[in-house]
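Protein sequence lines, in the order shown, are assigned to chains A and B. Just so you know, we're using our numbering here: the first sequence kicks off at 1 and counts up by one. Just so you know, we're using our numbering here: the second sequence kicks off at 1001 and counts up by one. Using N, Cα and C, we set each Cβ at its ideal position, and we do this for glycine too.
Number of protein chains: 2
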Amino acid sequence: MLSQVGAVRDYLLGLQRRITGAMGEVDGSRFTPDAWTKAPDEPLQGDGVTMILEQGSVFERAGCGFSHVRGAKLPPSATQHRPHLVGAPFEAAGVSLVFHPRNPMVPTVHMNVRMLAATPAQGEPVFWFGGGMDLTPYYGFEEDAVHFHTVCRDALAPFGDDKYPRFKQWCDDYFFLKHRGEQRGIGGIFYDDLSELGFEGGFALMRSVGDAFLSAYAPILQRRKEETFGAREREFQLYRRGRYVEFNLVWDRGTHFGLQSGGRTESILMSMPPQASWAYQFTPEPGSREAELYEKFIVRRDWL
Amino acid sequence: MLSQVGAVRDYLLGLQRRITGAMGEVDGSRFTPDAWTKAPDEPLQGDGVTMILEQGSVFERAGCGFSHVRGAKLPPSATQHRPHLVGAPFEAAGVSLVFHPRNPMVPTVHMNVRMLAATPAQGEPVFWFGGGMDLTPYYGFEEDAVHFHTVCRDALAPFGDDKYPRFKQWCDDYFFLKHRGEQRGIGGIFYDDLSELGFEGGFALMRSVGDAFLSAYAPILQRRKEETFGAREREFQLYRRGRYVEFNLVWDRGTHFGLQSGGRTESILMSMPPQASWAYQFTPEPGSREAELYEKFIVRRDWL
């Protein structure tokens, strides 16, 4: 293991511990850890810890996974534009989370930070970073959206003023349900395959985004988790969660590719909602709060 | 429109009417028709009728769609092994259904019959047929599985003794969740791209499979729809329906390709269950009826 990867691994395990600790405290339940190690005959080697909280008082299903895998040879798709890395050994480490709260007034949230390191036979190791966070409300609150995007922007500010607008747009582009013509939520930030900052810069970015997660989400969770709701709001939440399922299974590259290529199914699918529903051509009542979500929130919009 | 396509269209519309009529009667509600026509600027032209019954007394969600589309040029994927058809105009027509019953003792069922016709500039039109039906129980009943497979076998008998074993295996191969190492259900029959029987034979096969649907499913529905069940069975049904979602969105070529390529989303997703759930590493209690489903039913097995 490269010393840089060791440092990233330590950071990620600490991040997972901090986030699940804080969120478990808000819920009043603990996340259950499930540690796994890849069997020696599997194509990738490595280990991970999936932490899950199900049927809590605040979270209906919340998953936060750490994984660290290594392979003997980078897959061809990763080396298309980098011929000197063909066949290089690699390591990948990351933390990924999706929290599905019980109360429909609290948005679902997703965050991920990851690193890929390749060690060519000749020359220095190469590091790429990816990640981001995005918010998927069921009922829209302007102040929540502005708060979330403000924290995202501030987390990226030390890395240049171009980063937030670029990563915000990248997020809007990525979390889009083409078959519905809908954004998944109000967006946030997303970046992938980033090597331009080198290891030090990329790792600093990872820490800045990872560390910002609780500041971005916890205040929204705190102010919405006691809001009252009824059967109508619950029904709409379940219906909208169907979109989350559709996005993740149809469009999300990590999920779709992971399932198709023999990844660890239960860890990949910790992003699935605890419950979701479908109804034929549901259309929200004009002027309702449900209609407002479609018109004002899950559209491309500058929040800051 | 080729005269053969006209005959197929008439058959399919009649089949949809018969099935939704009979099933609506069992439910005590009517299927609601939603007729659609492709806009002139869309890549494919055509029309269809999606019939839906939601929140009925027997069916929680049941969809049965007819569609008939035509395009100016066969897509390259369809002409790889048929160079004389490159760029030929084509028509495709089919009926597809998925019924999700309310009672967990009644299996979910899927049936599809379809035809593709291409008209090359030189030579005769070419016809391919595809289809089949398969059953997805939540609680297993041997007699239901044997009945369903018997009707499938009998429907194929006039077309040669090789057809049932071949199409049964094709079904097991197709309706397999690779990421779970699980069959979707107890199988049935499946065939695709069949041109070996010519138009007359292929159309006769379509009619035999389509006409067999009610004989295959209605008796199972009748004998299970009043069975008692409780919260445990309902919960297991919702959990297993999650697998139906996973199969359709991740592995089903029609669904995945349809959504990615701009098909009519709500018609494609009429196969989604009304409600589904996910739980981390759920394992049925040894010796329970839930465990029995995994051990004796959703495995490859000769039912006849």
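Straight-line gap, LYS168(A) to TRP128(A) (C-alpha atoms, nearest Å): Here residue 168(A) refers to the residue found at position 168 when the first sequence is read from its first residue. Here residue 128(A) refers to the residue found at position 128 when the first sequence is read from its first residue. For LYS168(A) and TRP128(A), the distance between alpha carbons rounds to 19 Å.
Which parts of the region 134–171 of chain A are runs of the alpha helix (DSSP H), unbroken and 4 residues or longer, counting only runs that do not cross its ends? 142–156
Cross-strand partners of SER1096(B) (DSSP beta bridge): Position 96 of the second sequence, counted from the first residue, corresponds to residue 1096(B). Note: SER1096(B) sits in a beta bridge opposite GLY1065(B), ASN1112(B).
Members of the region 273–295 of chain A that neighbour chain B once the beta carbon cut-off is set at 8 Å: PRO273, PRO274, GLN275, ALA276, SER277, TRP278, ALA279, TYR280, GLN281
Alpha-carbon spacing of ALA216(A) relative to LEU15(A), whole angstroms: In the first sequence, residue 216(A) corresponds to position 216, counting from 1. In the first sequence, residue 15(A) corresponds to position 15, counting from 1. Taking the straight line joining both Cα atoms gives about 15 Å.
Measure from the C-beta of GLU266(A) to each C-beta in chain B and report whether the shortest distance is under 7 Å. For the purposes of this step, residue 266(A) is taken as residue 266 along the first sequence, with counting starting at 1. Yes, its Cβ sits closer than 7 Å to a Cβ of chain B.
What do you reckon, are the CB atoms on GLN1222(B) and TYR1138(B) nearer than 7 Å? Here residue 1222(B) is taken as the residue at index 222 of the second sequence, counted from 1. Here residue 1138(B) is taken as the residue at index 138 of the second sequence, counted from 1. Cβ atoms of GLN1222(B) and TYR1138(B): not closer than 7 Å.
Contacts that GLU54(A) makes with chain B (C-beta to C-beta distance below 7 Å): As a first step, residue 54(A) must be located in the first sequence, where it is residue number 54. Correct list: ALA1279, TYR1280.
Inspect the CB distances between the region 1136–1154 of chain B and the region 1224–1236 of chain B and report whether three or more fall short of 8 Å. yes
For LEU1205(B), report the span of its alpha helix (DSSP H) as first-last. Counting from 1 along the second sequence, the entry for residue 1205(B) is found at position 205. Note, LEU1205(B): alpha helix (DSSP H), 1198–1224.
Which residue wins for smallest C-alpha separation from LEU1064(B), given the options GLU1200(B), PRO1033(B), GLY1071(B), LEU1194(B)? By 1-based counting over the second sequence, the position of residue 1064(B) is 64. A small correction: the amino acid at residue 1064(B) is Cys; Leu does not occupy that position in the sequence shown. Nearest option by C-alpha distance: PRO1033(B).
In the DSSP output, which residue or residues are listed as bridge partners for LEU177(A)? Here residue 177(A) is taken as the residue at index 177 of the first sequence, counted from 1. GLU182(A), per the DSSP bridge assignment.
With distance defined between alpha-carbon atoms, name the residue in PRO1274(B), PHE1159(B), PRO1083(B), ALA1118(B) nearest to SER1197(B). To locate residue 1197(B), count along the second sequence from 1; it is residue 197. In the sequence as displayed, the identity of residue 1197(B) is Leu instead of Ser. Here the closest residue by C-alpha is PHE1159(B).
Find the residues of chain A that neighbour HIS1256(B), judging by a C-beta separation of less than 8 Å, and give them in chain order. Residue mapping note: residue 1256(B) aligns to position 256 of the second sequence, counting from 1. Within chain A, the residues near HIS1256(B) are VAL250.
Where DSSP assigns a beta bridge to ARG70(A), which residues make up the other side? Within the first sequence, the letter at position 70 stands for residue 70(A). According to DSSP, ARG70(A) bridges with GLN45(A), GLU91(A).
Which of the three DSSP states, helix, strand or coil, is assigned to GLN1016(B)? For this step, residue 1016(B) is matched to residue 16 along the second sequence. GLN1016(B): helix per DSSP, three-state reduction.
Out of ALA88(A), PHE199(A), VAL151(A), point me to the one whose CA is closest to PRO120(A)'s CA. Reading the first sequence from its first residue, position 120 is the one you call residue 120(A). When only C-alpha atoms are compared, the closest one is ALA88(A).
Please confirm if HIS1149(B) has its CB atom under 7 Å from at least one CB of chain A. Position 149 of the second sequence, counting from 1, holds the residue named residue 1149(B). Not an interface residue.
Can you give me the Cβ contacts of THR79(A) inside the same chain, cut-off strictly under 6 Å, excluding the 5 residues immediately before and after it? Here residue 79(A) is taken as the residue at index 79 of the first sequence, counted from 1. Contacts found: LEU85, VAL86.
Through-space distance from GLN55(A) to VAL1058(B), alpha-carbon basis: Residue mapping note: residue 1058(B) aligns to position 58 of the second sequence, counting from 1. Residue mapping note: residue 55(A) aligns to position 55 of the first sequence, counting from 1. Rounded to the nearest angstrom, the two C-alpha atoms are 29 Å apart.
Can you tell which of LEU249(A), ARG289(A), VAL98(A), GLY94(A) has its C-alpha closest to the C-alpha of LEU116(A)? What you label residue 116(A) is simply residue 116 of the first sequence in a count that begins at 1. Answer by Cα proximity: GLY94(A).
Within 7 Å (strictly less), CB to CB, does HIS100(A) reach chain B? The residue you call residue 100(A) lines up with position 100 of the first sequence. Not one chain B Cβ lies under 7 Å of HIS100(A).
Would you kindly work out how many angstroms separate the C-alpha atoms of GLU25(A) and ILE19(A), rounded to a whole number? In the first sequence, residue 25(A) corresponds to position 25, counting from 1. In the first sequence, residue 19(A) corresponds to position 19, counting from 1. Between GLU25(A) and ILE19(A), the C-alpha separation is close to 10 Å.
Please return the same chain residues whose Cβ sits closer than 7 Å to the Cβ of GLY187(A), not counting the five positions on each side in sequence. The residue given as residue 187(A) occupies position 187 in the first sequence. Same-chain partners within the cutoff: ASP134, LYS168, CYS171, ASP172, PHE175.
Determine which residues of the region 175–205 of chain A have a Cβ less than 7 Å from any Cβ of chain B, and write them out in chain order. HIS179, ARG180
For ALA22(A), three-class secondary structure by DSSP: Start at 1 with the first residue of the first sequence, and residue 22(A) comes out as number 22. DSSP places ALA22(A) in helix when its eight states are reduced to three.
Selection from LEU1293(B), PHE1190(B), ARG1300(B) that minimises the alpha carbon distance to MET1111(B): Along the second sequence, one-based indexing puts residue 1111(B) at 111. It is PHE1190(B) whose Cα lies nearest to the Cα of MET1111(B).
Cβ of GLY1262(B) within 6 Å of any heavy atom in the ligand SAH? The ligand SAH is not part of the structure shown, which contains no ligands of any sort.
Quick one: grab the DSSP three-state call for ASP1252(B). Here residue 1252(B) corresponds to residue number 252 of the second sequence, with the count starting at 1. Note: ASP1252(B) maps to coil in three-state DSSP.
Report yes or no: do three or more beta-carbon pairs, one from the region 238–253 of chain A and one from the region 262–277 of chain A, lie closer than 8 Å? yes
Cβ-Cβ distance between THR959(B) and HIS179(A) below 7 Å: The requested residue 959(B) does not occur in the structure, where chain B is confined to residues 1001 to 1304.
Measure from the C-beta of LEU259(A) to each C-beta in chain B and report whether the shortest distance is under 7 Å. Looking up residue 259(A) in the first sequence gives position 259. So yes, LEU259(A) belongs to the interface.
Along chain B, in chain order, which residues have C-beta atoms closer than 9 Å to that of LEU238(A)? Reading the first sequence from its first residue, position 238 is the one you call residue 238(A). Near LEU238(A) (Cβ distances below 9 Å), the residues of chain B are GLN1275.
Output the boundary residues of the alpha helix (DSSP H) element that contains TYR1244(B). What you label residue 1244(B) is simply residue 244 of the second sequence in a count that begins at 1. Element bounds for TYR1244(B): 1231–1246.
I need the DSSP call for GLN1260(B), collapsed to helix, strand or coil. Position 260 of the second sequence, counted from the first residue, corresponds to residue 1260(B). Of the three classes helix, strand and coil, the one that applies to GLN1260(B) here is helix, per DSSP.
Less than 8 Å between the CB atoms is what I'm expecting for GLY307(A) and PRO125(A), so what's the real figure, rounded? Chain A is shown only over 1 to 304; residue 307(A) falls outside these bounds and no answer can be derived.
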